[in-house]
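Beneath this line is the structure, given in structure tokens, with notes to follow.
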Amino acid sequence: VGPAWPYTAGFLARMKEYEAMQRGVLADPEGKYIIYLPVHTGMGNRIEGMVATFVVALLTDRAFIVDWDYTDPDTRLPRIAMTESAALDEPFPWGADLLAARYEEQFIIDHSLTYTLRGGKDTYEKESFVETLCCGDMGAVFGDTQFIFIRGNKNFAQLLSLNHYYKEALETLFGRGVQRNMFTPLLNYLLRLLPEVQAEVDRVVATFQDKYVVGVQMRTTEKYSDLELLPVFTQCVDLASRPEAYFYVSTDSLGARKMLEREYGDRVLFYDGEEINMAKNHGRYRTNVRHGIVDIVALSRANDMVVSCGSSFSRLAVALQESKPVYVAAGGNYCRKHGDATTPACFRGLSNEPCAFNWFENNLLKCTCLTQEDRIRESAICGANM
């Protein structure tokens, strides 16, 4: 999906090995699986959780299954009308229908374990598997259980990168510390668009031709920012802009789009697909996942990027792009808490690696095996990227 990333030879070799293993497990009635069940949150969070869960499958040599159509019984949020399966292809066969075709539902239930890794400050207390992610041997915990379900929406792979059972293997593939680049190659490898969606992306990106384009992602709902702070975006855009620059705008607010149009006139570009009515979707959700995927990938094709800190939507676009973006930290305590009173309203990131914010930091402090050095080194990524 993204640029021709300079994957390491070790990464490409490992993916070939994994794809062969996946085919073998699917042909084996006793094969072992990791099944990802995305809970009902924003699309960006669901895809981040998918990438992290794949890391579990990769490290434990289990086949990887994704059930985008999973219905979360514990959610208080409305289910989106269209799931990611309407926009995304598969890098290898991984659909939940593969299990349904091979096993009776009761058999799967009787031979499974389920772990929940979703939002909340008390995840560590509620889910003992978090300690395993940091400190334990997942293979020993799973044992001979054939089906391991992970319900979630978090990029918990950061915790695995510190686990002494897996640290060396992950560093070999992705580097270490603040130089680590794990999420970017995995997302680029796993995120495949359906042909018709790729064609729509190509149509949008064609409008960038012969232009210097700055992608501007403006999140105005929830705790990230609000409409009163939108003028800060225009100030931050100057860090990535040139006199002749055009601006590809992705936002959940028509008011934000109009503000940029007043500032930059016909140099503002945007995806003219289905309009998103945030009011009808509780202010948070895109009614059309395909629209969101097109927007994310188009953002990543810009020459530079200015994004809302804390937004999983922007973290995906950043991971698909080679340049380091400008982060807008104008959203109050949610973003500012990573710095201090001198933290600028906007700054250029140091890495494409995402930070999982509160959830990650809370668990980082609670995992019993981690040292202060581990915490400081890993927090540096969060501090750099917000």
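Heads up: the sequence shown runs through residues 966 to 1351, numbered per the working numbering.
Note that beta-carbon positions come from the ideal geometry of N, C-alpha and C, so glycine has one too.
The model shown is predicted, which means the values in this text are computed figures rather than measured ones.
Residue i in three-state terms, based on DSSP
i, result
"ASP1026", "coil"
"GLY1257", "helix"
"ARG979", "helix"
"PHE1057", "coil"
"PHE1235", "coil"
"THR1097", "helix"
"ARG1116", "strand"
"PHE1212", "strand"
"MET1224", "helix"
"ASP1339", "helix"
"ARG988", "helix"
"MET1103", "helix"
"PHE1198", "helix"
"GLY1007", "coil"
"LEU1082", "strand"
"MET1147", "coil"
"ASP1167", "helix"
"PHE1121", "coil"
"ARG1280", "helix"
"GLY1180", "strand"
"TYR1229", "helix"
"SER1265", "helix"
"LEU1127", "coil"
"LEU1315", "coil"
Residue closest to residue i, alpha-carbon to alpha-carbon, out of the options
i, options, result
"ASN1317", "LEU1329, GLY996, PHE1139", "PHE1139"
"ARG1184", "SER1276, ALA1052, GLY1009, GLU1090", "SER1276"
"ALA1263", "GLY1230, GLN1111, PRO994, PHE1173", "PHE1173"
"THR1036", "PHE1057, PHE1121, ALA1061", "ALA1061"
"MET986", "VAL1020, PHE1029, ILE1000", "PHE1029"
"LYS1176", "ASN1268, GLU1228, THR1006", "ASN1268"
"TYR983", "PHE1057, LEU1053, ALA992", "PHE1057"
"VAL1254", "MET1008, LEU991, LEU1156", "MET1008"
"LEU1159", "LEU1002, ILE1258, LEU1098", "ILE1258"
"PHE1114", "LYS997, CYS1332, SER1279", "LYS997"
"ARG1145", "LEU1082, TYR1130, ALA1164, LEU1125", "LEU1125"
"VAL1095", "TYR1211, CYS1332, LYS1223", "CYS1332"
"LEU1024", "ILE1012, MET980, GLY1220", "MET980"
"TYR1130", "LYS1119, ASN1120, ALA1105", "ALA1105"
"GLY989", "SER1215, TRP1059, ARG1011", "TRP1059"
"LEU1002", "ASP1039, TYR1229, THR973", "ASP1039"
"VAL1214", "TYR1068, TYR1236, PRO1208", "TYR1236"
"ARG1207", "TYR1229, SER1218, ALA1221", "TYR1229"
"TYR1080", "LYS1223, ALA978, GLU1209, ILE1000", "ILE1000"
"GLN1200", "MET1224, SER1077, THR1216, THR1137", "MET1224"
Distance, residue j Cα to residue i Cα
i, j, result
"LEU1335", "ALA1134", "18 Å"
"ALA1205", "VAL1271", "7 Å"
"PHE1019", "LYS1086", "23 Å"
"LEU1156", "ASP1260", "14 Å"
"ALA1017", "PRO1196", "35 Å"
"LEU1098", "LEU1152", "20 Å"
"VAL1004", "GLU1070", "20 Å"
"SER1093", "GLY1101", "11 Å"
"ASN1246", "ASP1032", "Low local confidence applies: a pLDDT of 45 at ASN1246 is under 50, so the model's placement there is unreliable, and no value is given."
"GLU1049", "VAL1169", "20 Å"
"ASN1328", "VAL1233", "41 Å"
"ALA1284", "THR1149", "5 Å"
"LEU1082", "GLY1117", "5 Å"
"GLU1226", "PRO1290", "22 Å"
"PHE976", "ARG1027", "17 Å"
"THR1110", "LYS1091", "21 Å"
"ALA1066", "ASP993", "13 Å"
"ILE1341", "LEU1315", "16 Å"
"ASP1339", "GLN1123", "11 Å"
"LEU1330", "ASP1034", "34 Å"
"TYR1089", "ASN1120", "15 Å"
"TYR1068", "GLU1055", "21 Å"
"SER1288", "HIS1256", "24 Å"
"THR1216", "CYS1274", "13 Å"
"LEU1078", "ALA1210", "52 Å"
"GLN1337", "GLU1343", "10 Å"
"SER1218", "MET1015", "27 Å"
"HIS1076", "THR1006", "28 Å"
"ASN1350", "ALA1310", "With a pLDDT of only 45 at ASN1350, under the threshold of 50, the placement of this residue in the model should not be trusted; the figure read from the coordinates follows. ASN1350 and ALA1310: Cα-Cα distance of roughly 13 Å."
C-beta atoms of residue i and residue j nearer than 9 Å
i, j, result
"MET1103", "VAL1021", "yes"
"LEU1063", "LEU1127", "no"
"VAL1178", "VAL1202", "no"
"PHE1112", "ILE1073", "yes"
"VAL1162", "LEU1281", "no"
"PRO1319", "GLU1013", "yes"
"TYR1292", "PHE1278", "no"
"PHE1198", "ALA1164", "no"
Cβ of residue i within 9 Å of any chain D Cβ
i, result
"SER1273", "Judged by its chain identifiers, the structure shown contains no chain D, having just a single protein chain."
Any non-hydrogen atom of the ligand MN within 8 Å of residue i CB
i, result
"ARG1340", "Absent from the structure shown: the ligand MN. Ligands present: none."
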